[in-house]
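Number of protein chains: 2
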Amino acid sequence: MRAAAVQFSQAEFSEVNMEDIAAEAGMTGAAIYNHFPSKDALFIATANHMTQINLVALKRAIESGPTWRSGFAAVLALFVDDTTGWLRYPLLTSAVQLKMLQNREKFDEMLGLRREYVAQFEGLVSRAVAEGDLPADVSTNVAAELLMGFVFNGMGAVMSHMRSEREIRQIVDTASLLLTGSVEPALPNKLDR
Amino acid sequence: MRAAAVQFSQAEFSEVNMEDIAAEAGMTGAAIYNHFPSKDALFIATANHMTQINLVALKRAIESGPTWRSGFAAVLALFVDDTTGWLRYPLLTSAVQLKMLQNREKFDEMLGLRREYVAQFEGLVSRAVAEGDLPADVSTNVAAELLMGFVFNGMGAVMSHMRSEREIRQIVDTASLLLTGSVEPALPNKLDR
DNA sequence: GTCTATAAGGTGATAGAC
DNA sequence: GTCTATCACCTTATAGAC
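Going down the list, the sequences are from chains A and B. Per the numbering used here, the very first residue in the first sequence carries number 1078; after that it's consecutive. Per the numbering used here, the very first residue in the second sequence carries number 1078; after that it's consecutive.
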């Protein structure tokens, strides 16, 4: 699945062939079929694995801060260290979204995970409203979808162009500035190390 | 090119075949080769066309407002009416970015256009600094890349899930709220109608 | 400028030996 | 569980009639 993630994050689904993935994993294409019944199944298993692992980190980060700002800063901080080892595949994340829209049946588990992501961001938005940083009449769902899109798709797109550690830290700090109005250090995360 | 844009915005490059595009345009696959020498060339021509048209609208929108907030609001307002007719292809935009990263030589014209987009957003950021809404030590380039990513990739991803006119208006208003702190009506644009 | 027919090349998946 | 060999299918692109 790691080899698949690497390949699927560098080219679109149809352009990645089983030989490429197998080579990355040190075997031949046919051997993959001892572990996954099809290319589709490998893609879905990999995407679900990545999404599940990152969901746990997302939940912990959001719960870690006393204010919505610090919680959100902790979410952004995940990308600096790639805490889970599965956060640096933004193009794979986009590919999953595209295929999910095209084929909702095959991606029912992914759709459930996506709803959990949105729920996490909805919690963040609710806290921002309670703390007086967003008006009470904001649509919690739309604001949550947007925050999630800003982080995973927007920031992800920028990180595709700028990949050095220094640049990623700058991207994260600037995103925090644009979205929360300040660069708040993600203290709880740092204590984890 | 319109037919190609429709198809390329609904599935990834390799999953769209020439017959699909031709059918959308009312011909057979072979006929396309009287207009474009290859599938790649058709994709690039379509992407460049879309990008150029939207760049003109982006420039006008950014220049239209007295403050950076109103300029940015005008940019967001473009998506409500799809002023150019070429703004509702967010998945095509993402696909272009992926292929551009993979094959920089073939996309040299697109890379030039992308730099012009960034320059437009850099102007917006500079004005925000001058107006005291962003600190002077912000990286103009990174902030501009992020704003662009938030709008085209972040908001685009949300619009892929919510496509009704009402939802798009709500997405745009909420994005304005999250990124500028207020929902500012894009007056100059409205006067254009 | 569009069509039908087809060549040429690549890929997912399977069979069967080890 | 991995390999080699191969099948079956699909797609881009071209040839040549109209």
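Ideal Cβ positions, reconstructed from N, Cα and C, are used throughout, including at glycine. Given the structure is predicted, the values throughout are model-derived calculations rather than measurements.
Nearest residue (CA-CA) to residue i, options the options
i, options, result
"A1134 (chain B)", "B:T1105, B:V1249 and B:G1148", "B:G1148"
"L1224 (chain B)", "A:L1254, A:D1210 and A:R1192", "A:L1254"
"T1128 (chain B)", "B:Q1247, B:V1219, B:R1191 and B:D1097", "B:R1191"
"G1233 (chain A)", "A:T1217, A:Y1166, A:T1161 and A:A1138", "A:Y1166"
"A1138 (chain B)", "B:D1158, B:A1107, B:A1220 and B:A1081", "B:D1158"
"N1180 (chain A)", "B:R1181, B:Q1087, B:R1079 and B:A1252", "B:Q1087"
"N1218 (chain B)", "B:E1208, B:F1227 and B:F1198", "B:F1198"
"I1109 (chain A)", "A:L1164, A:V1260, A:A1081 and A:E1242", "A:A1081"
Whole-angstrom distance between residue j and residue i, CA atom to CA atom
i, j, result
"L1172 (chain A)", "E1186 (chain B)", "Looking at the sequence itself, residue 1172 (chain A) is Ala, so the reference to Leu does not match. If you take the alpha carbons of A1172 (chain A) and E1186 (chain B), they lie about 25 Å apart."
"L1268 (chain A)", "V1083 (chain A)", "The predicted position of L1268 (chain A) is uncertain, since its pLDDT is 46 and thus under 50; no value can be drawn from it."
"A1154 (chain A)", "N1111 (chain A)", "38 Å"
"L1211 (chain B)", "T1144 (chain B)", "13 Å"
"L1119 (chain A)", "L1132 (chain A)", "20 Å"
"E1140 (chain B)", "D1214 (chain B)", "24 Å"
"K1183 (chain B)", "M1177 (chain B)", "8 Å"
"R1270 (chain A)", "A1205 (chain B)", "Because the pLDDT at R1270 (chain A) is just 40, under 50, the model does not fix this residue reliably, and the point stays unresolved."
"S1203 (chain A)", "A1124 (chain A)", "29 Å"
"L1256 (chain A)", "V1152 (chain A)", "12 Å"
"E1244 (chain A)", "V1093 (chain A)", "28 Å"
"G1231 (chain A)", "T1251 (chain A)", "12 Å"
"G1189 (chain A)", "F1229 (chain A)", "17 Å"
First and last residue of the uninterrupted alpha helix (DSSP H) at residue i
i, result
"Q1087 (chain B)", "Where Q1087 (chain B) is concerned, there is no enclosing alpha helix (DSSP H), given that its DSSP letter is neither H nor E."
"K1116 (chain B)", "K1116 to S1141"
"G1106 (chain B)", "G1106 to I1109"
"D1097 (chain A)", "M1095 to A1102"
"L1178 (chain A)", "P1167 to Q1179"
"G1226 (chain B)", "T1217 to G1226"
"R1204 (chain A)", "D1185 to A1207"
"E1244 (chain A)", "E1242 to T1257"
"G1233 (chain A)", "G1233 to H1238"
"D1158 (chain A)", "W1145 to D1158"
Beta-carbon neighbours of residue i, restricted to chain B and to distances below 7 Å
i, result
"V1235 (chain A)", "E1222, L1223 and G1226"
8 Å Cβ cut-off: residues of chain B touching residue i
i, result
"N1111 (chain A)", "Those do not exist, as N1111 (chain A) stays about 26 Å from chain B at its closest Cβ, beyond 8 Å."
"Q1247 (chain A)", "S1216 and V1219"
Neighbouring residues, chain A, relative to residue i (Cβ below 7 Å)
i, result
"A1207 (chain B)", "Result: empty, since nearest Cβ-Cβ is about 16 Å, beyond 7 Å."
Contact list for residue i against chain A, beta-carbon separation under 8 Å
i, result
"L1273 (chain B)", "The structure shown does not extend to residue 1273 (chain B), since chain B is modelled only from 1078 through 1270, so no value can be given for it."
Residue i Cβ short of 8 Å to the ligand SAH heavy atom set
i, result
"G1189 (chain A)", "Of ligands this structure carries none, so the ligand SAH is not represented either."
Quick one, which residues of the region 1113-1139 of chain B are near chain A if we go by CB-CB under 7 Å, in chain order?
none
Proximal residues, the region 1147-1180 of chain B versus chain A, C-beta separation under 7 Å
L1168, S1171, Q1174, L1175, L1178 and Q1179
Between the region 1081-1107 of chain A and chain B, which residues of the former have CB atoms less than 8 Å from a CB of the latter, in chain order?
Q1087, A1088, E1089, F1090, S1091 and E1092
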